[in-house]
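Asks: Handing you this structure, nothing more for now.
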Amino acid sequence: MKQILLNPFFLLIIISIAVIYIATIYTIVSRNKKIAIFLGKIFLGVFIFTISGASGVTVMPFKKLNPVNLYNIKTTPPTIIGQIGIYCLFLFILSPWLRYTLSNFLDSCIRIFIKEPFIFLLMIISTLSGFWSETPEITFKASIVLLITTFVAIYMGKQYTWLDIYKFILSLNLIILLYCLAKPSTRADGAWAGILGHKNPFSFFMAQTAVIWLVNAFYYPKQRYLSVVISLLALYGLNRGESGASKVLLIVLIGLWAYLSFIKKLSAQWAFVAVILFMVVSIILGIIIIENLETIVVDGLGKSMTLTGRTEFWPLIIDKINEKPLFGYGVVGFWQPWRAADNPARNIIVASSGFVPPHSHNGFLDLALEVGWVGLGLFTLSFFNNLAKAVQYLTQTKLPEGGLAIFLLVYTLMTNLTEGGLFGVTGIWFWYIVVTARLNSDNPGKIRT
Numbered sequence: 001m002k003q004i005l006l007n008p009f010f011l012l013i014i015i016s017i018a019v020i021y022i023a024t025i026y027t028i029v030s031r032n033k034k035i036a037i038f039l040g041k042i043f044l045g046v047f048i049f050t051i052s053g054a055s056g057v058t059v060m061p062f063k064k065l066n067p068v069n070l071y072n073i074k075t076t077p078p079t080i081i082g083q084i085g086i087y088c089l090f091l092f093i094l095s096p097w098l099r100y101t102l103s104n105f106l107d108s109c110i111r112i113f114i115k116e117p118f119i120f121l122l123m124i125i126s127t128l129s130g131f132w133s134e135t136p137e138i139t140f141k142a143s144i145v146l147l148i149t150t151f152v153a154i155y156m157g158k159q160y161t162w163l164d165i166y167k168f169i170l171s172l173n174l175i176i177l178l179y180c181l182a183k184p185s186t187r188a189d190g191a192w193a194g195i196l197g198h199k200n201p202f203s204f205f206m207a208q209t210a211v212i213w214l215v216n217a218f219y220y221p222k223q224r225y226l227s228v229v230i231s232l233l234a235l236y237g238l239n240r241g242e243s244g245a246s247k248v249l250l251i252v253l254i255g256l257w258a259y260l261s262f263i264k265k266l267s268a269q270w271a272f273v274a275v276i277l278f279m280v281v282s283i284i285l286g287i288i289i290i291e292n293l294e295t296i297v298v299d300g301l302g303k304s305m306t307l308t309g310r311t312e313f314w315p316l317i318i319d320k321i322n323e324k325p326l327f328g329y330g331v332v333g334f335w336q337p338w339r340a341a342d343n344p345a346r347n348i349i350v351a352s353s354g355f356v357p358p359h360s361h362n363g364f365l366d367l368a369l370e371v372g373w374v375g376l377g378l379f380t381l382s383f384f385n386n387l388a389k390a391v392q393y394l395t396q397t398k399l400p401e402g403g404l405a406i407f408l409l410v411y412t413l414m415t416n417l418t419e420g421g422l423f424g425v426t427g428i429w430f431w432y433i434v435v436t437a438r439l440n441s442d443n444p445g446k447i448r449t
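Set out below in structure tokens:
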């Protein structure tokens, strides 16, 4: 088969057919607005699918499309060339539509960054972090990929309404759920990891899927039975993931939606205070899990005492942050096991077990490692700025779309207490930027078509 494909005659035929198909699709997109919008959503969905969770999906061929491959030292040149070629092809096919939707993109970005300067400053630090990174070539590549991913998220945030984003998340989560059920990727201990690489990100994602489809069942009666079935399937996946923290997350997210119905009736100021109190209680609950209280974690959640190691190496990570406190080690500049003795994280080891963590198991610490306490401070300010605007939007708009921003913000907060993925080319970062862009658009309730 390989010899046939490499035959010049057959290769010419294949290329000719591909060119004809591409030209045909391009012509259709340029003439039919509905098809252009549909294909735009498909391509955007493929991109988000590849980076879903904390580290992206593990299923082929989408694993090869993950932008992290563009700066991964193990990536081969053919993979890089192929990925760039595929994304350029996507852009070419959609170019007739993008010429219209991107006509005011720069102005929109400027307006968003004026209203949300903290993310703007954070992106400047990350983009420049190659200058103080020990591996500048890798950091510059990673920061550029991160910047492009951020702009794609901004595009989505400015282009679609909350209702569109809500439906987008429903569809994407359903696809990932079905994929995970078809390919559970059972680990040695029997826990499922699905297509998200590890049981914790998988279980977190199942919790999000279960809750958002349960919410859909409540607010859209015509879709109730289907929504309940999907929610039950997600709960089954969550249980097979065997993650105690995900069960706490499930309770928090369900409680959040019930809570939103109450605080929606309050003034924006009191609603903001109420949401902060809810988050504080949720964080305390998360800390209880981290502390691994025997009666709660083992007896209540059926979980072994595996989280204690995190609290053992977190102080070591904080010490490392304090060695470069202002701007950190640069994007992907700290966890570098391939450097052996030169790896900045070489001394991060759990003494009691000898476990060598691949990351901080805390998204906020990982962010501080890469962009310092200054970067973490900017993100914190951005988070509370977004939260205040999300609460204001909640009090002005009907549920469920009115509560989606708060839902995603709480999910971001809770999942990064014990896992990573907050900052980088990940689904968590992508959706955070979508929330930021949507909340800071001129008219967050209006779609731009």
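Residues in the sequence shown are numbered consecutively from 1, following the working numbering. Even for Gly, the Cβ is constructed at its ideal location relative to N, Cα and C.
#1: Let me make sure I understand the geometry here. Which of ASN200, PHE140 and LEU122 has the alpha-carbon closest to that of VAL332?
#2: Can you give the Cα-Cα distance for TRP335 and ILE20, rounded to whole angstroms?
#3: Considering only the alpha carbon of each residue, which of LEU233, ILE251, TYR259 and TYR100 lies closest to GLN159?
#4: Helix, strand or coil: which one does DSSP assign to THR397?
#5: Quick one: Cα of ILE406 to Cα of LEU417, how far?
#6: Is it true that the segment 126-136 meets the segment 317-331, where meeting means three or more beta-carbon pairs spaced less than 8 Å apart?
#7: Can you pull the DSSP bridge partners for TRP192?
#8: Over what stretch of residues does the alpha helix (DSSP H) that includes TRP429 continue unbroken?
#9: Along the chain, where does the alpha helix (DSSP H) containing ILE151 start, and where does it finish?
#10: What's the C-alpha gap between ALA274 and PHE384?
#11: What's the gap between the Cα of VAL228 and the Cα of ALA210?
#12: By how many angstroms is the C-alpha of VAL46 removed from the C-alpha of PHE38?
#13: Put MET60 into one of helix, strand or coil per three-state DSSP.
#14: Straight-line CA distance for LEU128 to ILE144?
#15: To the nearest angstrom, how far is the alpha carbon of GLN223 from that of THR397?
#16: Output yes or no for whether 8 Å exceeds the beta carbon distance between SER246 and SER185.
#17: Would you say ILE230 lies against chain C (beta-carbon separation less than 8 Å)?
#18: May I ask which residues mark the beginning and end of the alpha helix (DSSP H) holding ASP107?
#19: Apart from the five residues just before and just after THR490, which ones in its own chain have a Cβ nearer than 6 Å to its Cβ?
#20: Using only the alpha-carbon positions, how far apart do ILE321 and ILE25 sit?
#21: At which residues does the alpha helix (DSSP H) containing THR50 begin and terminate?
#22: Quick one: what does DSSP say GLN336 is sitting in, helix, strand or coil?
#23: Taking the C-alpha atoms as reference points, what is the distance between LEU293 and GLY244?
#24: Is it right to say ALA23 is buried, meaning 16 or more other beta carbons lie within 10 angstroms of its own, or is it exposed?
#25: Confirm, please, whether the CB-CB distance from TRP429 to LEU422 is below 8 Å.
#26: Can you give me the Cβ contacts of TYR220 inside the same chain, cut-off strictly under 8 Å, excluding the 5 residues immediately before and after it?
#27: Just the Cα atoms here: how many angstroms apart are PHE120 and ASP189?
#28: Are LYS183 and THR395 close, meaning C-beta to C-beta below 8 Å?
Replies: Answer, in terms of the structure:
#1: Residue numbering aside, residue 332 sits at position 332 when the sequence shown is read from its first letter. Looking only at ASN200, PHE140 and LEU122, the smallest Cα-Cα distance to VAL332 is reached by PHE140.
#2: Along the sequence shown, one-based indexing puts residue 335 at 335. Along the sequence shown, one-based indexing puts residue 20 at 20. Spanning the alpha carbons of TRP335 and ILE20 requires a straight line of approximately 45 Å.
#3: The residue you call residue 159 lines up with position 159 of the sequence shown. Nearest of LEU233, ILE251, TYR259 and TYR100 to GLN159, Cα basis: TYR100.
#4: Numbered from 1 along the sequence shown, position 397 holds the residue referred to as residue 397. Coil, per DSSP.
#5: Locating residue 406 in the sequence shown gives position 406, where the first residue counts as 1. Locating residue 417 in the sequence shown gives position 417, where the first residue counts as 1. So the two alpha carbons sit approximately 17 Å from each other.
#6: With the cut-off at 8 Å, the segment 126-136 and the segment 317-331 touch.
#7: Start at 1 with the first residue of the sequence shown, and residue 192 comes out as number 192. In DSSP, TRP192 forms a bridge with THR186.
#8: Along the sequence shown, read from residue 1 onward, the residue named residue 429 stands at position 429. First-last of the alpha helix (DSSP H) with TRP429: 427-439.
#9: Counting from 1 along the sequence shown, the entry for residue 151 is found at position 151. Going by the sequence as given, residue 151 is Phe instead of Ile. PHE151 -> alpha helix (DSSP H) spans 136-159.
#10: Walking along the sequence shown from the start, residue 274 turns up at place 274. Walking along the sequence shown from the start, residue 384 turns up at place 384. Between ALA274 and PHE384, the alpha-carbon positions lie close to 13 Å from each other.
#11: The count along the sequence shown starts at 1 and reaches residue 228 at position 228. The count along the sequence shown starts at 1 and reaches residue 210 at position 210. Here the alpha carbons of ALA210 and VAL228 stand approximately 9 Å from one another.
#12: In the sequence shown, residue 38 corresponds to position 38, counting from 1. In the sequence shown, residue 46 corresponds to position 46, counting from 1. Their Cα atoms are separated by approximately 12 Å.
#13: As a first step, residue 60 must be located in the sequence shown, where it is residue number 60. If DSSP states are grouped into helix, strand and coil, MET60 belongs with coil.
#14: Mapped onto the sequence shown, residue 128 falls at position 128. Mapped onto the sequence shown, residue 144 falls at position 144. Spanning the two alpha carbons is a distance of roughly 10 Å.
#15: For the purposes of this step, residue 223 is identified with residue 223 of the sequence shown, where counting begins at 1. For the purposes of this step, residue 397 is identified with residue 397 of the sequence shown, where counting begins at 1. Their backbone Cα atoms lie some 21 Å apart in a straight line.
#16: Your numbering for residue 246 matches position 246 in the sequence shown. Your numbering for residue 185 matches position 185 in the sequence shown. SER185 is positioned such that its CB atom lies no closer than 8 Å to that of SER246.
#17: Checking the listed chains, one finds no chain C in this structure; it contains a single protein chain.
#18: Taking the first residue of the sequence shown as position 1, residue 107 is located at position 107. Counted as a single uninterrupted DSSP element, the alpha helix (DSSP H) harbouring ASP107 occupies residues 105-115.
#19: The structure shown does not extend to residue 490, since the chain is modelled only from 1 to 449, so the question has no answer here.
#20: The sequence position of residue 321 within the sequence shown is 321, counting from 1. The sequence position of residue 25 within the sequence shown is 25, counting from 1. For ILE321 and ILE25, the distance between alpha carbons rounds to 50 Å.
#21: Locating residue 50 in the sequence shown gives position 50, where the first residue counts as 1. It spans 33-50 - the alpha helix (DSSP H) in which THR50 sits, taken as one unbroken run.
#22: Here the question's residue 336 lines up with position 336 in the sequence shown. Correct three-state label for GLN336: coil.
#23: Position 293 of the sequence shown holds residue 293. Position 244 of the sequence shown holds residue 244. Because the pLDDT at LEU293 is just 46, under 50, the model does not fix this residue reliably, and the value given afterwards should be weighed accordingly. Rounded to the nearest angstrom, the gap between the Cα atoms of LEU293 and GLY244 is 12 Å.
#24: The count along the sequence shown starts at 1 and reaches residue 23 at position 23. With fewer than 16 Cβ atoms within 10 Å of its Cβ, ALA23 is classed as exposed.
#25: For the purposes of this step, residue 422 is taken as the residue at position 422 of the sequence shown. For the purposes of this step, residue 429 is taken as the residue at position 429 of the sequence shown. Yes, the Cβ-Cβ distance between LEU422 and TRP429 is below 8 Å.
#26: The residue given as residue 220 occupies position 220 in the sequence shown. Only SER227 meet the Cβ criterion.
#27: In the sequence shown, counting from the first residue as 1, residue 120 sits at position 120. In the sequence shown, counting from the first residue as 1, residue 189 sits at position 189. Rounded to the nearest angstrom, the two C-alpha atoms are 43 Å apart.
#28: Counting from 1 along the sequence shown, the entry for residue 183 is found at position 183. Counting from 1 along the sequence shown, the entry for residue 395 is found at position 395. Not a contact, by the Cβ cut-off of 8 Å.
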